[in-house]
Amino acid sequence: MKVYTYSKARQRLASLLDEAFREGSVQIRRRDGTVFELLPLEVSKSALEVPGVATDITASEIVSVVRASRSRVIGKSLPLKRMRQPSRARRRTSRGRVRSGAARD
665 MKVYTYSKAR QRLASLLDEA FREGSVQIRR RDGTVFELLP LEVSKSALEV PGVATDITAS
725 EIVSVVRASR SRVIGKSLPL KRMRQPSRAR RRTSRGRVRS GAARD
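For this note's numbering, count along the sequence shown from 1 and bump the result up by 664.
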């Protein structure tokens with residue numbers, strides 16, 4: 665791995681980036697002796713691109729398990745009594761009291 669001084673790195677930044685891409689990394693040393701490593705990031709093409717998991721399950725088995733779990737959930741709903749009814753409008757009377765229901769004129 666090649667080590668560049670800070671001054672040389674500033675002068676040749678574009679070529680240093682290319683070299684870091686080709687070689688994997690490049691080091692830059694300051695006058696005080698501090699060394700930094702410049703290396704390219706490995707960017708995935710998609711957020712969904714993840715490493716696979718090794719299993720002995722086939723695709724058809726996975727599909728059947730998903731379908732079975734969906735069939736247990738479908739058809740289950742809340743009874744009508746438990747479903748939330750729309751709330752009635754509340755209105756203040758001329759005396760400041762709250763009255764529920766439709767407005768009376």
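C-beta: ideal position from N, C-alpha, C; glycine also.
Asked, Found
"Could you check what DSSP says for LEU729 in three-state terms: helix, strand or coil?", "Looking at the sequence shown, residue 729 is not Leu but Val. Reduced to three states, the DSSP call for VAL729 is helix."
"Tell me which residue opens and which closes the beta strand (DSSP E) that GLU683 is part of.", "No beta strand (DSSP E) holds GLU683; the alpha helix (DSSP H) holding it covers 677-687."
"With three or more C-beta pairs closer than 8 Å as the rule, is the stretch 700-708 touching the stretch 670-690?", "yes"
"What does the alpha-carbon distance come out to for the pair ARG694 and SER679?", "19 Å"
"Which residue from VAL730, ARG731, VAL667 puts its Cα closest to that of GLY697?", "VAL667"
"Taking DSSP as the reference, what is the three-state secondary structure of ARG734?", "helix"
"Can you find the residues in the same chain that come closer than 8 Å, C-beta to C-beta, to ARG676, ignoring five residues on each side of it along the sequence?", "TYR668"
"For SER671, is the classification buried or exposed, using 16 other Cβ atoms within 10 angstroms of its Cβ as the cut-off for buried?", "exposed"
"Here's the rule: buried if 16 or more other CB atoms are within 10 angstroms of the residue's CB, otherwise exposed. What is ILE692?", "buried"
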